[in-house]
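Student:
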Amino acid sequence: QLDPFNQAQHEAILDTVMAEYSEKIAPGLSLEGRIFSAAEAVEAGWVNEINTWEDLLEGWKNPKSKNKEYKPRRLKPRCGSGPKIALLQFEGGIKDGENSRDPLMGQMIGSSTFIPLIQKLRKDKKIKGVIFRVNSGGGSALASEDISRELDRLGAEKPLVVSMSEVAGSGGYWIATGAARIFAHRTTITGSIGVISILFSIKEFLASHGITHSVIRRGDYSDLGSPYREPNEGDTDIISSYTNKLYSMFVQKVAQTRNIPEPKVAELAEGHIYSGQDALTLGLVDEIGGIPSAIEWMKTKLGVSSVQVVFGPKPKTPLLWRLLGSQTGISSPASVPVLVEELAKSYLGQAQGRPQAMMEDVRGV
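149 is the number of the first residue of the sequence shown in this note's numbering; add one for each residue after it.
Spelled out as structure tokens, the structure:
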């Protein structure tokens with residue numbers, strides 16, 4: 149059961165989502181959360197007509213029909229004309245080291261993998277500005293700070309603007325703060341300025357299964373954080389001190405980059421999440437808008453009427469997809485049968501990322 153604090157913040161976000169839904173997606177339609185039959189959905193205005201998949205396919209073959217089957221085309225890695233700007237995508241949790249696929253957290257972006265991409269854009273003289281697209285619920289504080297520092301270096305040399313996607317929370321917001329301009333959607337989950345530390349203990353579980361263990365150590369805290377014993381008071385004091393320091397760093401960073409008094413940021417922090425609309429009111433973001441708005445801002449910043457957008461990082465096509473394509477004429481992973489695609493994803497670790505729940509270790513933001 150939610151406590152009053154979490155109840156209030158989740159209801160505020162839900163109110164924003166419903167308002168956006170009513171205004172942009174379903175104006176004039178009743179939003180009751182009910183389920184419609186197909187006929188009822190047509191009558192209520194939620195759908196246009198009832199049809200089967202086979203009838204749709206036959207209709208597309210009719211030369212008189214205005215509706216035609218969409219055939220996917222290979223997307224170009226750039227679009228537009230004019231000075232080049234880069235759209236740098238960051239989607240997934242944040243971790244130290246290389247990219248990986250975590251069973252619990254899903255896609256994880258490693259600082260060692262991502263920082264060279266930022267450095268490459270900074271050194272590329274053909275790239276005149278960067279739009280940093282963030283969709284992340286956070287992760288490692290150390291990795292977040294490393295990525296943030298590299299983005300600061302990039303922003304010192306070229307215009308840098310952030311476009312927030314579904315989630316920019318905790319470490320996802322940390323890495324966004326240094327941009328010259330931050331755009332968010334009205335429903336973007338924003339903020340979560342806070343730090344948590346988790347210590348796991350499996351001592352009782354092991355004991356209940358008759359599993360024993362031994363520890364040989366030198367130093368009172370050399371096995372700090374070990375899951376094989378209960379944390380003692382000294383452990384919690386050390387972890388609490390470290391967590392508080394990270395939290396202070398986070399609050400100070402937001403205060404400096406957003407030009408908000410530190411006491412005010414402290415009031416907004418404490419792990420609180422906001423909708424993009426509320427974040428705008430509180431000064432945590434600058435404008436409501438998506439990638440098109442960020443591109444328009446960049447054109448104004450560069451003093452040009454059009455730009456060429458280069459997308460990155462360029463996804464690597466798994467070997468299995470390439471082999472299938474050469475044998476069957478398949479030109480896109482989307483054309484691979486679902487079963488084979490899922491096999492390739494699980495085997496080669498190329499699954500697309502999704503917003504991540506915030507669960508951090510002692511280094512996490």
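Ideal Cβ positions, reconstructed from N, Cα and C, are used throughout, including at glycine.
Treat the numbers as computed from the prediction; the structure is a model and nothing was measured.
Hey, how far is the Cα of residue 309 from the Cα of residue 432?
Tutor: Translated into the one-based positions of the sequence shown, residue 309 becomes position 161. Translated into the one-based positions of the sequence shown, residue 432 becomes position 284. If you take the alpha carbons of residue 309 and residue 432, they lie about 14 Å apart.
Student: Taking DSSP's pairing of strands, which residues face residue 258 in a bridge?
Tutor: Within the sequence shown, numbered from 1, the residue matching residue 258 stands at position 110. Beta-bridge pairing links residue 258 to 243.
Student: From what residue to what residue does the beta strand (DSSP E) around residue 308 run?
Tutor: Counting from one through the sequence shown, the residue named residue 308 turns up at place 160. First-last of the beta strand (DSSP E) with residue 308: 308–317.
Student: Who are the near neighbours of residue 267 in its chain, counting only those whose CB is closer than 7 Å to its CB and skipping five residues on each side?
Tutor: Counting from 1 along the sequence shown, the entry for residue 267 is found at position 119. If we look at residue 267 and ignore the five residues flanking it on each side, its Cβ neighbours are 298.
Student: Sort out for me which residues DSSP pairs residue 226 with in a bridge.
Tutor: Here residue 226 corresponds to residue number 78 of the sequence shown, with the count starting at 1. In DSSP, residue 226 forms a bridge with 458.
Student: At the level of alpha carbons, what is the spacing between residue 397 and residue 160?
Tutor: What you label residue 397 is simply residue 249 of the sequence shown in a count that begins at 1. What you label residue 160 is simply residue 12 of the sequence shown in a count that begins at 1. Going from the Cα of residue 397 to the Cα of residue 160 covers about 27 Å.
Student: When we look at the beta-carbon of residue 448 and count the other beta-carbons within 10 Å, is it buried (16 or more) or exposed?
Tutor: By 1-based counting over the sequence shown, the position of residue 448 is 300. The residue is exposed, with fewer than 16 neighbouring Cβ atoms inside 10 Å.
Student: Would you identify the three-state DSSP class for residue 151, choosing helix, strand or coil?
Tutor: By 1-based counting over the sequence shown, the position of residue 151 is 3. DSSP places residue 151 in coil when its eight states are reduced to three.
Student: Closest to residue 414 by C-alpha separation, out of 395, 368, 279, 273, would be which residue?
Tutor: Here residue 414 refers to the residue found at position 266 of the sequence shown. It is 395 whose Cα lies nearest to the Cα of residue 414.
Student: With distances taken Cα to Cα, identify the nearest neighbour of residue 373 among 365, 367, 384.
Tutor: Walking along the sequence shown from the start, residue 373 turns up at place 225. Nearest C-alpha to residue 373: 384.
Student: What distance in whole Å lies between the Cβ atoms of residue 405 and residue 325, which are believed to be in contact at a cut-off of 8 Å?
Tutor: Numbered from 1 along the sequence shown, position 177 holds the residue referred to as residue 325. Numbered from 1 along the sequence shown, position 257 holds the residue referred to as residue 405. With a Cβ gap of about 4 Å, residue 325 and residue 405 count as contacting.
Student: Is DSSP giving residue 166 helix, strand or coil here?
Tutor: Start at 1 with the first residue of the sequence shown, and residue 166 comes out as number 18. DSSP places residue 166 in helix when its eight states are reduced to three.
Student: Secondary structure at residue 338, three-state DSSP: helix, strand or coil?
Tutor: In the sequence shown, the residue the question calls residue 338 occupies position 190. Strand at residue 338.
Student: With a threshold of 8 Å on Cβ separation, who are the neighbours of residue 149 within its own chain once the five nearest residues in sequence on each side are excluded?
Tutor: Counting from 1 along the sequence shown, the entry for residue 149 is found at position 1. Same-chain partners within the cutoff: there are none.
Student: If you reduce the DSSP assignment to three classes, tell me which class residue 187 lands in.
Tutor: Mapped onto the sequence shown, residue 187 falls at position 39. Residue 187 falls in the helix class under three-state DSSP.
Student: So what's residue 177 in DSSP terms, helix, strand or just coil?
Tutor: Counting from one through the sequence shown, the residue named residue 177 turns up at place 29. Note: residue 177 maps to coil in three-state DSSP.
Student: Closer than 6 Å by C-beta to residue 410: which residues in its own chain qualify, once you throw out the five before and the five after it? Chain order, please.
Tutor: As a position in the sequence shown, residue 410 is number 262, starting the count at 1. For residue 410, where only same-chain residues beyond five positions count, the Cβ hits under 6 Å are 403.
Student: Are the beta-carbon atoms belonging to residue 454 and residue 164 less than 8 Å from one another?
Tutor: Sequence index remark: in the sequence shown, residue 454 carries index 306 (1-based). Sequence index remark: in the sequence shown, residue 164 carries index 16 (1-based). Against a cut-off of 8 Å, the Cβ pair of residue 164 and residue 454 comes out as no contact.
Student: Since residue 275 and residue 232 are thought to touch, with beta carbons under 8 Å apart, how far apart are those beta carbons, to the nearest angstrom?
Tutor: Residue 275 sits at position 127 when you count from the first residue of the sequence shown. Residue 232 sits at position 84 when you count from the first residue of the sequence shown. Indeed they touch by this definition, with Cβ atoms about 5 Å apart.
Student: Quick one: what does DSSP say residue 406 is sitting in, helix, strand or coil?
Tutor: Reading the sequence shown from its first residue, position 258 is the one you call residue 406. Looking at residue 406 - three-state DSSP - the assignment turns out to be helix.
Student: I need the straight-line Cα distance from residue 446 to residue 185, nearest angstrom please.
Tutor: Start at 1 with the first residue of the sequence shown, and residue 446 comes out as number 298. Start at 1 with the first residue of the sequence shown, and residue 185 comes out as number 37. Their backbone Cα atoms lie some 46 Å apart in a straight line.
Student: In chain order, what residues of the same chain have a beta carbon less than 7 Å from the beta carbon of residue 335, not counting five sequence neighbours either side?
Tutor: Here residue 335 refers to the residue found at position 187 when the sequence shown is read from its first residue. Counting only Cβ-Cβ distances below 7 Å, and skipping sequence neighbours, we find 164, 165, 168, 423, 424.
Student: Comparing alpha-carbon positions, which option in 264, 235, 327, 438 lies nearest residue 314?
Tutor: If you number the sequence shown from 1, residue 314 lands on position 166. Closest by alpha carbon: 438.
Student: Out of 177, 320, 301, 203, point me to the one whose CA is closest to residue 241's CA.
Tutor: Here residue 241 corresponds to residue number 93 of the sequence shown, with the count starting at 1. For the residues 177, 320, 301, 203, the minimum Cα distance to residue 241 belongs to 320.
Student: Please name the residue in 236, 357, 175, 205 whose C-alpha comes closest to that of residue 192.
Tutor: Within the sequence shown, the letter at position 44 stands for residue 192. Residue 175 is the option with its Cα nearest to residue 192.
Student: Determine the closest residue to residue 377 out of 391, 362, 296, with distance taken between C-alpha atoms.
Tutor: Sequence index remark: in the sequence shown, residue 377 carries index 229 (1-based). Taking only the C-alpha atoms, the option nearest residue 377 is 362.
Student: Excluding the five sequence neighbours on either side, which residues of its own chain have a C-beta within less than 7 Å of the C-beta of residue 327, listed in chain order?
Tutor: Position 179 of the sequence shown, counted from the start, is the residue given in the question as residue 327. Hits under 7 Å: 280, 303, 308, 309, 310.
Student: From this set, 204, 247, 269, 332, which residue's C-alpha is nearest residue 440's C-alpha?
Tutor: In the sequence shown, residue 440 corresponds to position 292, counting from 1. For residue 440, the nearest C-alpha among the options comes from 332.
Student: Considering only residues of the same chain and omitting the five flanking positions on each side of residue 487, which have a CB-CB separation below 6 Å?
Tutor: Counting from 1 along the sequence shown, the entry for residue 487 is found at position 339. Because residue 487 sits at a pLDDT of 33, beneath the cut-off of 50, its placement in the model cannot be relied upon, and the point is left open.
Student: Between which two residues does the beta strand (DSSP E) containing residue 276 stretch?
Tutor: Along the sequence shown, read from residue 1 onward, the residue named residue 276 stands at position 128. Looking at the DSSP string, the run of the beta strand (DSSP E) that includes residue 276 is 275–284.
Student: Near residue 256, which residues of its chain fall below 6 Å by C-beta distance, leaving aside the five closest residues on each side in sequence?
Tutor: Counting from one through the sequence shown, the residue named residue 256 turns up at place 108. Cβ within range, chain order: 240, 241, 243, 248, 250.
Student: May I ask which residues mark the beginning and end of the alpha helix (DSSP H) holding residue 249?
Tutor: Taking the sequence shown and counting its residues from 1, one reaches residue 249 at position 101. Not the alpha helix (DSSP H): residue 249 falls in the beta strand (DSSP E), residues 248–250.
Student: Are residue 245 and residue 260 touching if we call contact CB-CB under 8 Å?
Tutor: The residue you call residue 245 lines up with position 97 of the sequence shown. The residue you call residue 260 lines up with position 112 of the sequence shown. Yes.
Student: Cβ of residue 284 within 8 Å of Cβ of residue 234?
Tutor: Taking the sequence shown and counting its residues from 1, the one referred to as residue 284 is at position 136. Taking the sequence shown and counting its residues from 1, the one referred to as residue 234 is at position 86. Against a cut-off of 8 Å, the Cβ pair of residue 234 and residue 284 comes out as no contact.
Student: Could I get the ranges of all uninterrupted alpha helix (DSSP H) runs contained in the stretch 361–443, with 4 residues as the minimum, in chain order?
Tutor: 381–406, 410–416, 424–430, all fully within the stretch 361–443.
Student: Under a three-way DSSP split, which group does residue 329 fall into?
Tutor: Numbered from 1 along the sequence shown, position 181 holds the residue referred to as residue 329. Residue state, collapsed to three classes: strand.
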